[in-house]
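Worksheet for the structure shown next.
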Amino acid sequence: MRAVFVAVLIVHTFLIKAAESEGTDCQCGKVLNRKTNDDQSGKTEGFCSAGESEACTVKENKYEQRINAHDGMAMINSGTFAVGTNQPIFVADGEGPRRNVTLDDFYIDVYEVSNRDFEEFAKATGHRTEAEKFGDSFVFEGLLSEETKSKINEAVAQAPWWLPVKDCNWRHPEGPDSDILDRMDHPVIHVSWNDATAFCKWRGKRLPTESEWEVACRGGLVTERLFPWGNRLTPKNQHRTNIWQGVFPSNNSAEDGFVGTAPITEFPPNGYGLYNMVGNVWEWTSDWWVTEHSDKPAKNPVGPSSGTDKVKKGGSYLCHESYCYRYRCAARSQNTPDTSAGNLGFRCAMSI
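Under mature numbering (1 follows the signal peptide of the UniProt record, and there is no 0), read the sequence shown as residues -21 to -1, 1 to 331, first letter to last.
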């Protein structure tokens, strides 16, 4: 029996918690959590930190270590970098303060993990995602077929545009009448933190820490900027990321060319050669969620030793400045490690 703390209501198999001080938001953060536990010990059953999650346990006789692990990765040289901001948009998210971190050399994937990558992993290991085990996942209402919507009579109370869809998973991202045959080069979605950790471990890698992710996002820019390329969202009227245009959640004009996810190679890379560090899909990091940070310098910070939610970064194709203005390097959000959704993916990192 998994311990849970029910805050507002139970929607299907998901536990929905009230969004405390989230502000104007697309509500793809903690209100989508499958479960929320008020025990801060980090010992919740199934969480990787407890070493008990099947999804995170990599058996050496089953998962063969891949070779050429550095292929498709960029090396970030060691140094001291600024993370966070003294001009937070969402104060309650813990975007500040601006502080210095010193990091050792590390590698990070140039691209988000694609459907093709994840299919290779699933075929080689037999891995079943938590969305497949639970039997459902969250999808944005505007992406669903009328047939699929007709079978759903529940929604997230605070965000009715998020619907729990049965038999929805990475292979069927909008439900059983959808597939990924024409999206193999798109980022894999409906993967939990536990699923992402298992994939990275199979590849001889790991998830990036929040600090590593943010340093990579900034692309080597010396001064603080909102985005990986600067402060203007569309420099020279060119789209640099996949986010929502129009009026959220009723009308997506798709001026950037995409209503849902975009290929992992789309849009120009940042100064480190990394693609889609903001927008497209949220990306898991290894850190447990906390909103209070010291302004003192830190070396290779890894976040708190335990918690209930994991940090995700970068925003997604559902983000708009008026709703969920989190497609910024300093922005952050959270979900429990077993949560999955149609705008949540990842990339891997590696120590040197």
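Even glycine gets a Cβ: it sits at the ideal position worked out from N, Cα and C.
Secondary structure note for Val62: its beta strand (DSSP E) is the uninterrupted segment 58 to 62. One thing to note: Trp141 has its Cβ no nearer than 8 Å to the Cβ of Leu323. Shown here, Val70 sits in a helix according to DSSP, grouped into three states.
Between the C-alpha atoms of Asp174 and Met329 there is a straight-line separation of about 17 Å. With a beta-carbon spacing of about 5 Å, Trp263 and Lys291 fall inside the 8 Å limit used to define contacts.
Around the beta carbon of Ser301, fewer than 16 other beta carbons sit within 10 angstroms, so the residue counts as exposed.
If you check the CB distance, Arg311 and Gly73 come in under 8 Å. In this model, Ala309 and Asn56 are separated by some 20 Å (Cα to Cα).
Inter-residue distance for Val89 and Pro228 is about 30 Å (C-alpha atoms, whole angstroms). Cβ atoms of Val144 and Val118 come within 8 Å of each other, at about 5 Å. DSSP, read as helix, strand or coil, puts Glu98 in helix.
When the alpha-carbon of His151 is set against those of Gly321, Pro276, Lys128, the nearest one is in Gly321.
For the alpha helix (DSSP H) assignment, the uninterrupted runs of no fewer than 4 residues enclosed by the segment 130 to 215 are, from N- to C-terminal side, 172 to 181, 189 to 197. When secondary structure is reduced to three states using DSSP, Phe85 falls in the strand class. DSSP places Lys275 in the coil class of the three-state scheme, outside both helix and strand.
Taking the Cα positions, Gln313 is about 12 Å away from Ala71. For Phe113, the uninterrupted alpha helix (DSSP H) run begins and ends at 109 to 113, by DSSP. For Met52, the uninterrupted beta strand (DSSP E) segment begins and ends at 52 to 55. Nearest C-alpha to Ala53 among Ala134, Arg204, Gly199: Gly199. In the three-state scheme derived from DSSP, where H, G and I count as helix and E and B as strand, Ala103 is classed as helix.
For Ser330, the enclosing beta strand (DSSP E) begins and ends at 328 to 330. Here Thr108 is near Ser319, since their CB atoms are less than 8 Å apart. Here Lys289 is buried: its Cβ has 16 or more other Cβ atoms, across all protein chains shown, within 10 Å.
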